[in-house]
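Engineer: Protein chains in written order, with the working numbering: chain H, 1 to 86; chain F, 87 to 475; chain G, 476 to 772.
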Amino acid sequence: MAKGRVSIVVEHCKSCGFCVEFCPSHVLALSSAFNSKGYHPPHVVHPEKCSGCDLCGMYCPDFAIFATKNSGDKAGVKAADKEGKK
Amino acid sequence: MKADPRGVLTGTHFIDGDHACCEGALAAGARFAAGYPITPSTEVVERFASRVPKVGGTFIQMEDELAASITLQGAVWGGAKAFTVTSGPGFSLMMEHIGYAAMTETPCVFVDVQRGGPSTGLPTLPAQADMMQARWGSHGDYEIIALCPNSPQECFDLTIKAFNFAEEFRVPVMFMMDEVVGHMTEKVVIPPADEIEVVPRKHTHKSVEDYLPYGTNGDQVPEMAHAGEGYNFHVTGLTHDEHGYPNMTPQIQDKLVRRLQNKIRDAADRIALFEEDQLDGADIVVVSYGITSRVAQRAIGVAQEQGLRVGKLRLITAWPFPERKIRDLAAKVKAFVVPELNLGQMVREVERAAAGKAKTFAVSHAGGGVHRPEDILKVIVEASKCQTV
Amino acid sequence: MSDSLIDVVNAGVNPVEPFLRTDRMPHIWCPGCGIGTTVNSFARALVESKIDLGSLALVSGIGCTGRVAGYVKLDSFHTTHGRAIPFATGLKLANPRLNVVVYSGDGDLSAIGGNHLIHAARRNIDLKVICVNNLIYAMTGGQTAPTTPGHSTTSTNPYGTFEPSFNLPHLVEAAGAVYVARWTTFHVRQLSRAISEAFQKKGFSFIEVISPCPTLYQRRNKLGDGLDTMKYYKEKSKVRHGSPTNEVGLTMTGEIIVGKFVDRDRPDYQTLMRGQFQESLGDKFVEQDEPEVPVCS
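1) Can you tell me where the beta strand (DSSP E) with F/Arg356 in it begins and where it stops?
2) Using alpha carbons as the reference points, say which of H/Cys16, H/Ile8, H/Ser7, H/Met1 lies closest to G/Leu702.
3) Quick check: G/Ile611 and G/Thr623, are their CB atoms within less than 7 Å of each other?
4) Under a CB-based cut-off of 7 Å, is G/Pro766 close to chain F?
5) Output, in chain order, the set of chain G residues within a Cβ distance shorter than 8 Å of F/Phe118.
6) Which residues in the same chain as H/Lys78 place their Cβ atom closer than 8 Å to its Cβ, once the five residues preceding and following it in sequence are excluded?
7) Against F/Leu122, what residues of chain G qualify as contacts under a CB-to-CB distance less than 8 Å, listed in chain order?
8) Between F/Ile412 and F/Arg137, what straight-line distance do the alpha-carbon atoms span, to the nearest angstrom?
9) Could you name the residues of the same chain whose beta carbon sits closer than 6 Å to that of F/Glu254, not counting the 5 residues immediately before and after it, in chain order?
10) Note down the Cα distance separating F/Pro33 from F/Leu429, rounded to an integer number of angstroms.
11) Which complete alpha helix (DSSP H) runs does the segment 185-230 of chain F hold, if anything under 4 residues is left out?
12) Can you pull the DSSP bridge partners for G/Gln751?
13) Can you name the residues of chain F whose CB is closer than 8 Å to the CB of G/Ala544?
14) State yes or no: is the C-beta of F/Ala192 within less than 7 Å of the C-beta of F/Val162?
15) With distances taken Cα to Cα, identify the nearest neighbour of F/Ala89 among F/Leu179, F/Asp102, F/Gly103, F/Glu109.
16) Can you list the alpha helix (DSSP H) stretches of 4 or more residues lying completely in the segment 376-447 of chain F, in chain order?
17) By how many angstroms is the C-alpha of G/Arg597 removed from the C-alpha of G/Gly651?
18) Along chain F, in chain order, which residues have C-beta atoms closer than 7 Å to that of G/Arg572?
19) Given G/Val491, which residues of its chain have a CB within under 7 Å of its CB, disregarding the five upstream and five downstream residues?
20) As an exercise, report each continuous beta strand (DSSP E) stretch of at least 3 residues that is fully enclosed by the segment 14-70 of chain H, in chain order.
21) Would you call the CB atoms of G/Gly678 and G/Arg741 closer than 7 Å?
22) Could you tell me the alpha carbon to alpha carbon distance between H/Cys50 and G/Lys706, rounded to whole angstroms?
23) With DSSP as the reference, please indicate the residues paired to F/Thr322 in a beta bridge.
24) So, is G/Phe552 buried or exposed, given that buried needs 16 or more other C-beta atoms within 10 angstroms?
25) Secondary structure at G/Trp504, three-state DSSP: helix, strand or coil?
26) Would you decide whether G/Ser667 is buried or exposed? Buried here means 16 or more other CB atoms lie within 10 Å of its CB.
27) Pull up the distance between the alpha-carbon of G/Asn590 and that of G/Asn642, whole angstroms please.
28) When the cut-off is 7 Å and only beta carbons count, does G/Asp583 lie next to chain F?
29) Under the rule that 16 or more other beta-carbon atoms within 10 Å means buried, what is G/Gly757, buried or exposed?
30) From the DSSP secondary-structure annotation, give me the bridge partner or partners of F/His99.
31) Alpha carbons only, please: which of G/Arg657, G/Arg694, G/Gly538 is nearest the one belonging to G/Val737?
32) Compute every distance between the C-beta of G/Asn574 and the non-hydrogen atoms of the ligand GTP, then say whether any falls below 6 Å.
33) Secondary structure at F/Arg458, three-state DSSP: helix, strand or coil?
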């Protein structure tokens, strides 16, 4: 299980690329999908490498992404996982 | 609410208008002033600088009038009653921030001790040539209130009135003195604090969730909050909605700017203060304000002795202009005579309000001194000979 | 991983969110603009320094950075061009309990606001000034600013700038600031730390943050986009704490000296004022009343 997980608000993203570039673990890449404004939001390509450092969140000028550390509560993480896949 | 006795110098004094204005501010509860030296106004803040450390408050001399005129507004939002003091050239510099105060509905007082202009002009000599500027000096549509004292006693009394209007209507109030009223020394009686009415800040009692910084409950003046109370409100000079958020559409512009105007105009009859004498049956009405009204008083007296039916209307409030009063009088009198220490400013308002129903005669003066009574008398006599409209 | 458009949601909240007026998102800043990035650092600093948010007031001027006031959920004031500092001075003097932050741009603070900048520093008014320096007047379309480096193309110097530009850390140090630091929007954690340090300081603190303006400054000078600029900051910044400020001037593509340049102690304006009155007036000196806190329903 990864140490952290990323949260993305695709509609706020403007594809500046900061999060992709400055993630120390290269967890992210710009997707080929578009949001409604025509920007390519990032997606998580290596979720297992995410440390929850939240550098992506600190760099994002649009407040469109952040990461949190997983608490170690596996049940909680599983529930959140289910939530995310809905 | 009664005045705070700590700021009230009760007693009978022999002081000039500038000094009396400072005492009026203190009596009204002003505990913050930001200023910049400019003749003939400087004594107001010099006295404040001397008084306020013994009363409790702050004076700061800023680096220029641009700063002074906004520093006082920061102090208002920090919780204080605040004012600044200036003359022509400084008044011009302050115009942007007078507009900011009008737009953000920041209650405060701007004192202009008028001197000869334009530009550097006559720093130590009187004029009344900033009257239109007081009304229209900043850009855009907005309303202000302007008061004109004609004696040191009125410099005390009307400064309190200025602060009271500012708080009641959340508007910047222009206190239009002139160099003679500012520098003339007369008896000023300051009553006990419990005889002085002051209007407190219109502070909200709503909870943080319910409070709307620019929402109005039927009345046109929103309730205020101060920084540091947990309301997390936003104030901007951009056209804004009831949340205070920028909302730059024609619809919000219309709603906001009309309310800023109407909150004053709808109360104009109450705000427009004047002094009248022998208007009933008058053929001629002399309309004057400030120091000129003292000279006009003499000219009116002489004219009356000569058998002319002359009445007096002294403007205490210059803005909003007492249109209704002039309009009513215009239907009954032959002419208005308007002496001013300028080349024709308030006379234009008289003429406009008279709407052709009576003639209007200006008695202009380029400034630098005051009229002689005979200058005004001459025009009164001339006006009395004119044909009825 | 799929390329779907569903938001990826977890149970947490973006650390910056409690400080944002989320009802006003998205904001108006361009793609690749660094101002939003500085707001993240600011928010983290507020959390780290455990500042009482109820005591915080934020004042900004006009310009792209000036819009920060409208997006932060604090008592915030969007004032006139160049006059955030005197407004902030009034706030602070009327209510000394307030922590007053001035958040504005290079043009607003050093051109039209330049006079107020140097006097507030001279007086050592207790203000925390965050100056986002994108080397241009961005909001109005890319005109030359006092900070625009030489030989840059701007809309008012279409043939290239030739004026010497301000070295802001040098200017404010000379004027009397007690804390002077410069970082770039690449240095997100260092910036946050600098803001926290400024909150611990009494007196005039000035933090310059070099930031991209991809739409105007970078584009007109063919310097790439926001990401290219961030990479330039990463590559060409040199951390030199304590560097003499006369040596930290900027050029268009040269080295960027960053770090904490000045951290000294001088009595702040209000300490000096009270001290003077106590000395001159003794018992007759009356302290200003604390503003009344109203009773909310």
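Backbone N, C-alpha and C define an ideal beta-carbon position, used for all residues, glycine too.
Structural biologist: According to the data block:
1) Counting along the chain, F/Arg356 falls outside any beta strand (DSSP E), though it belongs to the alpha helix (DSSP H) covering 354-357.
2) Comparing Cα-Cα distances from G/Leu702 to each of H/Cys16, H/Ile8, H/Ser7, H/Met1, the minimum goes to H/Cys16.
3) Yes, the pair counts as a contact, with Cβ atoms nearer than the cut-off.
4) Output row for G/Pro766: interface = yes.
5) Residues of chain G whose Cβ lies closer than 8 Å to the Cβ of F/Phe118 are, in chain order, Gly565, Leu568, Ala569.
6) Its pLDDT being 47, under 50, H/Lys78 is placed unreliably by the model, and the measurement read from it follows with that caveat. If you ignore the 5 residues before and after H/Lys78, its C-beta comes within less than 8 Å of no other C-beta in its own chain.
7) Reading off the sequence shown, one finds Tyr at residue 122 of chain F, where the question assumed Leu. Simply none; closest approach about 11 Å.
8) Inter-residue distance for F/Ile412 and F/Arg137 is about 41 Å (C-alpha atoms, whole angstroms).
9) Answer for F/Glu254: Val285, listed in chain order.
10) In the structure as shown, chain F begins at 87 and stops at 475. Residue 33 of chain F is therefore absent and cannot be evaluated.
11) As for any alpha helix (DSSP H) of minimum length 4 sitting wholly inside the segment 185-230 of chain F, the runs are 217-222, ordered along the chain.
12) Its beta-bridge partners do not exist; DSSP assigns none.
13) Correct list: His320, Thr322.
14) It is Thr, not Ala, that sits at residue 192 of chain F in the sequence shown. Yes, Cβ-Cβ distance for F/Thr192 and F/Val162 is below 7 Å.
15) Nearest of F/Leu179, F/Asp102, F/Gly103, F/Glu109 to F/Ala89, Cα basis: F/Glu109.
16) Taken in chain order, the whole alpha helix (DSSP H) runs of length 4 or more contained in the segment 376-447 of chain F are 377-391, 409-416, 432-440.
17) Their Cα atoms are separated by approximately 5 Å.
18) The answer, in chain order, is Gly314.
19) If we look at G/Val491 and ignore the five residues flanking it on each side, its Cβ neighbours are Val514, Asn515, Ala518.
20) You should have 28-30, 42-44, 65-69.
21) With a cutoff of 7 Å on beta-carbon distance, G/Gly678 and G/Arg741 are scored as near each other.
22) About 22 Å.
23) DSSP lists G/His553 as partners of F/Thr322.
24) It is buried - the Cβ of G/Phe552 has at least 16 other Cβ atoms within 10 Å.
25) DSSP places G/Trp504 in coil when its eight states are reduced to three.
26) Around the beta carbon of G/Ser667, 16 or more other beta carbons sit within 10 angstroms, so the residue counts as buried.
27) Distance between G/Asn590 and G/Asn642, taken at the CA atoms: about 15 Å.
28) Answer no: the Cβ-Cβ gap between G/Asp583 and chain F never drops below 7 Å.
29) So G/Gly757 ends up on the exposed side.
30) Beta-bridge pairing links F/His99 to F/Val274.
31) With respect to the C-alpha of G/Val737, the residue from G/Arg657, G/Arg694, G/Gly538 having the closest C-alpha is G/Arg657.
32) Absent from the structure shown: the ligand GTP. Ligands present: none.
33) DSSP places F/Arg458 in coil when its eight states are reduced to three.
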